[in-house]
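My numbering applies: residue 10 is where the sequence shown begins, and numbers increase by one.
From the three backbone atoms N, C-alpha and C, an ideal C-beta is built for every residue, glycine too.
The structure appears right after this line, and notes come after that.
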Amino acid sequence: MNKKTRIFAVSNQKGGVGKTTTSVNLATALAALHKKVLIVDLDPQGNATVSVGLHRIQGDKNSYTVMTGRDTVMDSVKHTLIPYLDVLPASQELLGMDIELAGIGQPQFFLKKALSADLDYDYIFIDCPPAVGLLTMNALVAADCVIIPVQCEYLALEGVADLMKTIEKIKRNFNPKLSLHGIVMTMYDGRSNLSKSVVGDVRAYFGDKVYNTVIPRNVRIPEAPSHGKPVMLYDFRSVGAQSYINLASEVMKRELAIMANSDLKQAM
Numbered sequence: 010m011n012k013k014t015r016i017f018a019v020s021n022q023k024g025g026v027g028k029t030t031t032s033v034n035l036a037t038a039l040a041a042l043h044k045k046v047l048i049v050d051l052d053p054q055g056n057a058t059v060s061v062g063l064h065r066i067q068g069d070k071n072s073y074t075v076m077t078g079r080d081t082v083m084d085s086v087k088h089t090l091i092p093y094l095d096v097l098p099a100s101q102e103l104l105g106m107d108i109e110l111a112g113i114g115q116p117q118f119f120l121k122k123a124l125s126a127d128l129d130y131d132y133i134f135i136d137c138p139p140a141v142g143l144l145t146m147n148a149l150v151a152a153d154c155v156i157i158p159v160q161c162e163y164l165a166l167e168g169v170a171d172l173m174k175t176i177e178k179i180k181r182n183f184n185p186k187l188s189l190h191g192i193v194m195t196m197y198d199g200r201s202n203l204s205k206s207v208v209g210d211v212r213a214y215f216g217d218k219v220y221n222t223v224i225p226r227n228v229r230i231p232e233a234p235s236h237g238k239p240v241m242l243y244d245f246r247s248v249g250a251q252s253y254i255n256l257a258s259e260v261m262k263r264e265l266a267i268m269a270n271s272d273l274k275q276a277m
């Protein structure tokens, strides 16, 4: 693999927290900076695939056929209408992956093996399903780091704490380099005391691992996928689009700091 390629797993064990929206819009923002980006859609629902204007294609080359070794990543990626942005589409056949892979030796490494080929991308975003099965485990084993979207609602910390335990297990047993890149607070309502309280609690617990940017509740964000577009293309001036642009800027700043620290360690 190109040594510059960085792989992000976008994950949370809870559904409806903004995983796909975060994956798609971060990928789009980085592509707008002329970074070559791939979205790997591992959710059987295929929402990331649809959100960039592609149809769910059954029987074609996709993340399922790649993980089962029938096809390579580069033979299976689809180009989007967004320059520099490709997607490895999902398939409903992913629903049976837990059963299909369970009896095979080291089933956690199928995606890592597929992504270990010489891929010409700067960033890869893996959109994970809302459960910790073999699909999510494959994503965490293949990834360099994790971005966790957290909805501003009651019991948000409980879901994150469960995922952190999973990340630590994966790091200890399968992927020592795995780290938490950051937590992004989503569906924030500035008029709600609950939203403010949840953000405060998460920041108090995780400190600077929480991105400064919060993603607000904004009607343009859920509207955009129905038009097959990321929110930045659907309505660039919307508060939702601008928030994801700000988040992408934060992600890039952290990436530069990580690379600088890595270069420093290599020089020592």
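Residues bridged to residue i (per DSSP)
i, result
"Pro225", "Tyr197"
"Pro158", "Val193"
"Phe17", "Phe134 and Cys154"
"Leu97", "Val49"
"Ser188", "Cys154"
Three-way DSSP call (helix, strand, coil) for residue i in this model
i, result
"Asp50", "strand"
"Val208", "helix"
"His88", "strand"
"Tyr163", "coil"
"Asn11", "With a pLDDT of 44 at Asn11, under the threshold of 50, the modelled position of this residue cannot be trusted, and the question is left open."
"Leu149", "helix"
"Val248", "helix"
"Leu256", "helix"
"Tyr73", "helix"
"Val59", "helix"
"Ser125", "coil"
"Val219", "strand"
"Gly114", "coil"
"Lys23", "coil"
Residues near residue i in its chain [Cβ-Cβ closer than 7 Å; skip 5 each side]
i, result
"Thr32", "The displayed chain sequence assigns Ser, not Thr, to residue 32. Closer than 7 Å at Cβ, skipping near neighbours: Val19, Ile48, Ala57, Phe134 and Asp136."
"Lys87", "Leu63, Asp95, Val96 and Pro98"
"Gly168", "Asn21, Gln22 and Lys23"
"His236", "Tyr243"
"Glu232", "Tyr243"
"Ile179", "Met146, Leu149, Val150 and Leu187"
"His43", "Tyr93"
Closer than 7 Å to chain B by CB, residue i
i, result
"Ser60", "In the displayed structure, chain B is absent; only one protein chain is listed."
Integer Cβ distance of residue i from residue j, believed to fall under 8 Å
i, j, result
"Ala148", "Leu187", "Ala148 to Leu187, Cβ: 10 Å. No contact."
"Val59", "Pro234", "6 Å"
"Met196", "Ala38", "The pair is not a contact, with the Cβ atoms about 19 Å apart (cut-off 8 Å)."
"Leu189", "Val155", "5 Å"
"Pro158", "Val26", "5 Å"
"Ile16", "Asp153", "5 Å"
6 Å Cβ shell around residue i - same chain, five flanking residues per side excluded
i, result
"Val219", "Ile192, Val211 and Arg212"
"Leu35", "Ala257"
Residue i beta carbon near the ligand FAD (any heavy atom closer than 6 Å)
i, result
"Gly114", "Absence of the ligand FAD from the depicted structure is noted, as is the absence of any ligand whatsoever, leaving it without description."
Cut-off 8 Å between Cβ atoms - residues of its own chain near residue i, not counting five sequence neighbours on either side
i, result
"Met10", "Caution applies to Met10, whose pLDDT of 45 falls short of 50 and renders its modelled position unreliable; the model cannot decide the point."
"Met268", "none"
"Leu51", "Ser72, Ala99, Leu103, Leu120, Ile135, Asp136, Cys137, Pro138, Leu144, Thr145, Asn147 and Ala148"
Review point. Does the stretch 248 to 256 come close enough to the stretch 221 to 233 to have 3 or more Cβ pairs within less than 8 Å?
Key: yes
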